[in-house]
Amino acid sequence: MIDITVYIVFHSEGVLAIPALSSMHRLVEVAKIAGLSVESKALMDNPDTQTSAIIEKRGNWLDSVEILSYGDLGLTRNAGVPLAKGTYITFLDGDDLWGSQWLVLAHAAAIQEPANAKSIWHPESLFYFYYDDFDRHSINRIPHSHAKSFHFFHKGSDTPNFDRNVLFLDNLWSANCFAHREIYEKYTYKAVDKSLGLGIEDWAWNIKTLWDGVEHKVCHDTVHIIRQKDTGSLGQSNTANGLLPHLPDNIFPVVGK
Amino acid sequence: MLMQINHKVNLLISNATLRYFKNALSPFLNRIPVLKSFLSYPFKKLPTKALSEEDKIFKTFVEKIFDHEFYLICNSDVKKAGLEPLEHWLNYGMTEGRAMSARAEYIHGSTDHTNGPDWQHFSWKGSPVAIRVNPLSQRVIAQILEQAEFDLGILAAGAETIESLPFYFATDSVARSHVDMSAIFKSLPFIPSIIIVTPFLCTGGAEKYAADLVQTFSQISSDPILVIVTEDTAQTCQGWQSLSILDPFKDQNILFWRDVCGPGYANPCILARFLHAIRPRIIVINNSRLGLDTTAGYGLGLSQYAKIFCTFFSVGLNGLGAPYGARYPHKILQYSAALTDNPRMADRLRDMWGDIPGPGIVELPAKTQLIDESTFRARMCFRLALNTDKNRHRQWLWVSRIEPFKGTKILSALARLRPSESFKIFGPLQGSFEDQDLNLPNILYGGVLGNIALADFRNHDGFVFTSLFEGMPNIALEMSQHAIPLILADVGGLRGTFDDTAAKFVMHKDTITDTAIAFSGALDNVCRMQGADIERMVIAARDQVSARHSAQAYKKNVRKIFDL
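Read top to bottom, the protein sequences are chains R and F. Per the numbering used here: the first sequence = residues 169 to 425. Per the numbering used here: the second sequence = residues 772 to 1335.
Below you can see the structure in the form of structure tokens.
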């Protein structure tokens, strides 16, 4: 059995796929050096020509490349689950980068849990970077006052005083998580339905899993590096489309003091 | 004199501050001898108070995280004065809000919203201080720097500065979006099925419309109701309970959105997600800009669970005054019904936006409190008796907000045309009488009326309504209960309630003078009316209001429109 299946999901990342693929390669190599068996796969959902060409040229180290045509991030991830041989599965977005210890530390944390726990693991921090910060650059350790890059710290649902109601108002965890394959098999992502104004697959998935008793935990000393774009990010698109998360019919906030 | 000053300064000045003064003023010492004397005076050191145990704990903690270099780079005054950075921060910088380190943030004084596990709480000289340290580890920083091999954009802000960049915690919504997300649901006593979103709790037509709606909802349905007030805070509308038109709100749960959210309250995204979490079956957006923006942005998702209604009362005069009726209908009509109180607005909306697929445009005439028959008859009899004296001094009644859109210039011109008659005006004043040309000897201001239904207007010859545009003005409906002839500008939804047997309508003309002349003609007509004519007129007005605006008619309409 393979320890981890790592999926990277592409659609039209273009040149941004190059650093993402390199970062993933490093991630996988570090995990293999640590003794883990890792399956590296790409899911390409309606890829554009440039992205396809890049993966073809620089992705020959990948174990497989699946070409899909869902046009939906959640359905693409769902499609990857039965094809994975790993006990654990993690998904990566094709325009980000990841601290090289992510797989090693997430796997170590996951296998230390009791067999029936099966938490969903998130990196401890996200580093959001803006290319335009080159215009707000600092050459010493004091940031330019207008620099936009920042650090963001996840908190696990096991944190004292964690208020899960907040998850109705904001997504508390990023999409690139790590979990046992049974979690992905049990809780599939729901497709975005722009005609209903509902979607945001990872947010809805976080709500559904948490309310069903699956803990979301953070893995210390891990970081994902998220590219912030002035336009065209998924978050901006969700806002522009006025999307709200799919909510299961039986899940409501707890009200009152 | 100098000694006296020095004596006082002795009590106030610290050694560090004196050193700062000396450095800063040194270029001027030779030119201004008194300065030299002042600064060379042997000031006593401030007596150093012994630190309390709490202070010592705090200082020990700060010593570990305080960034001397950072502090001096950011505070050139401290550097120039040669002050010790940590001491300066503890004694001055902290209260002045100066950052102690790029890797730590603190709140001094009010430490509300610092209950999360990341905050450490201390006390310094009696004041609470909360400090939060960036938990970024060197192992994580190394991993970030390592990735620059693949994309140098990661270091765009500066390779040296990565660890000093701002940091946020996912669960700290106050820092991230200036909204206290945990407080929002805690403030709710129940999950409501009907939500009314309205901006203010004050006297106004829109507020009355919402209040009447809430009252009727509570009478015909057992669904729990929540009123969300989006602009007023509990403090800014203090005393709203004394406003009789808002009586129906008293028994309802009121959520002051600004109070529970905090400074980021105006973000439509947060209100949308809140409504989405609650999933009420009815949402009424009543003149709330935030509510309208929420519907425009997120109405599609919200309408999967809720029937949404947005009230629009008027499009204004060519959009003057930027009424919501002019700017929002096309943005919300795909997801929300446009709810209006008058047929003219309904027709206008249908003409402009009727082809937009969606819930459509619905009319719910306003509710008015009807007077009992005997009181009405008594008022009418008094008036008919008064009318027998044709030579009496004529006094006209004008009640509205005293502001230009209500036609105050027309009123002024009309008063000038009829100098021997007087005009008694009531209502809240916006601006000044001078600006609106109302400083005339025959215009008498009576203040703001507390309760129009109970007021005595029997000595007035007619009610004059000069407004430039309207939805359905409640005041005209209320006046119909006073058995008084109505002389009304032909605006808004008035024609939907009154016909020519019930009121003298006056069309607005191209100029104020021409409109005033038209009003004056209508007043002449009223003066010429015989008792029987007046009786027919006031009864017609009362009957027409009863047919369309009674509590029964209103309730029937609410049941039908909201499917209750």
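Even for Gly, the Cβ is constructed at its ideal location relative to N, Cα and C.
Strictly below 7 angstroms CB to CB, what residues from chain F border R:D338? S944, M952
What is the C-beta distance between R:Y296 and R:S317, in whole angstroms, given that I count them as a contact (C-beta under 8 angstroms)? 6 angstroms
Going by other Cβ atoms of all chains shown within 10 Å of its Cβ, with 16 needed for buried, is F:F893 buried or exposed? buried
Beta strand (DSSP E) runs contained entirely in the region 1258–1299 of chain F, provided each spans 3 or more residues: 1275–1277
At a Cβ threshold of 8 angstroms, is R:D370 touching chain F? no
Cutting at 8 angstroms between CB atoms, please list the residues of its own chain near F:G1092, excluding the five before and the five after it. F1176
From the DSSP output, which residues share a beta bridge with F:V1235? F:I1258
Opposite F:E978 in the DSSP bridges: which residues? According to DSSP, F:E978 bridges with nothing at all.
Exposure label - R:P259; buried when at least 16 CB within 10 Å: For clarity, residue 259 of chain R is Phe in the given sequence; the question names Pro instead. It counts as buried.
Could you tell me whether any Cβ in chain R is nearer than 8 angstroms to the Cβ of F:L959? yes
Rounded to the nearest angstrom, what separates F:E1144 and F:N1213 at their Cα positions? 34 angstroms
Could you tell me the boundaries of the beta strand (DSSP E) in which F:H949 lies? First-last for F:H949: undefined, no H or E at that position.
Grouping DSSP H, G and I as helix and E and B as strand, with all else coil, what is F:T932? helix
Classify R:G367 as helix, strand or coil using the three-state DSSP reduction. strand
Output needed for R:H314: all residues of its chain with C-beta closer than 7 angstroms, excluding positions within five of it in sequence on either side, in chain order. R304
Taking R:L211 and R:A247 to be in contact with their CB atoms under 8 angstroms, please state how far apart those CB atoms are, rounded to whole angstroms. 7 angstroms
On the three-state DSSP scale, how would you describe F:A901? strand
Mind listing, in chain order, the continuous alpha helix (DSSP H) runs of no fewer than 4 residues lying wholly within the region 265–328 of chain R? 270–280
Just the chain R side, please: which residues come within less than 7 angstroms of F:Q1315 by C-beta, in chain order? Within chain R, no residue comes near F:Q1315; the closest Cβ sits about 43 angstroms away, beyond 7 angstroms.
Name the DSSP bridge partner or partners of F:V968? F:I999, F:I1056
Considering only residues of the same chain and omitting the five flanking positions on each side of R:G410, which have a CB-CB separation below 8 angstroms? G365
Taking only beta-carbon atoms, is F:S1107 less than 8 angstroms away from chain R? no
Name the chain R residues that come within less than 8 angstroms of F:I996, Cβ to Cβ? None at all; the shortest Cβ gap to chain R is about 14 angstroms.
R:C387, enclosing beta strand (DSSP E) - first and last residue: 384–396
Close beta carbons around F:Q775, own chain, < 6 angstroms, minus the five adjacent residues each side: The predicted position of F:Q775 is uncertain, since its pLDDT is 41 and thus under 50; a value taken from the coordinates is nonetheless stated next. Same-chain partners within the cutoff: there are none.
Is the distance from the Cβ of F:N846 to the Cβ of F:A875 below 8 angstroms? no
At what residue ranges does the region 179–213 of chain R contain a whole run of the beta strand (DSSP E), taking only runs of 3 or more? 206–213
Run through chain R and tell me which residues come within less than 7 angstroms of F:V904, C-beta to C-beta. Under the 7 angstroms cutoff, chain R gives no residues; its nearest Cβ is about 11 angstroms from F:V904.
Check whether the Cβ atoms of R:F174 and R:E207 sit closer than 8 angstroms, and answer yes or no. Looking at the sequence provided, one finds Val at residue 174 of chain R rather than Phe. Contact flag set, yes.
Let me know if F:N1113 comes out buried or exposed under the rule of 16 or more other beta-carbons within 10 Å of its beta-carbon. buried
For R:F178, decide whether its Cβ has a neighbour in chain F, counting only Cβ atoms nearer than 8 angstroms. no
DSSP on R:G254, reduced to helix/strand/coil? strand
Looking only at its chain, what residues have a beta carbon closer than 7 angstroms to the beta carbon of F:A1311, apart from the 5 residues adjacent to it on each side? T1272, A1273
Taking 8 angstroms as the limit between beta carbons, can you name the residues of its chain near F:D826, skipping five residues before and five after? S894, W895, K896
8 angstroms Cβ cutoff, F:I1053 in contact with chain R: no
Taking its Cβ as the centre, do 16 or more other Cβ atoms sit within 10 Å of F:L1225, making it buried, or is it exposed? exposed
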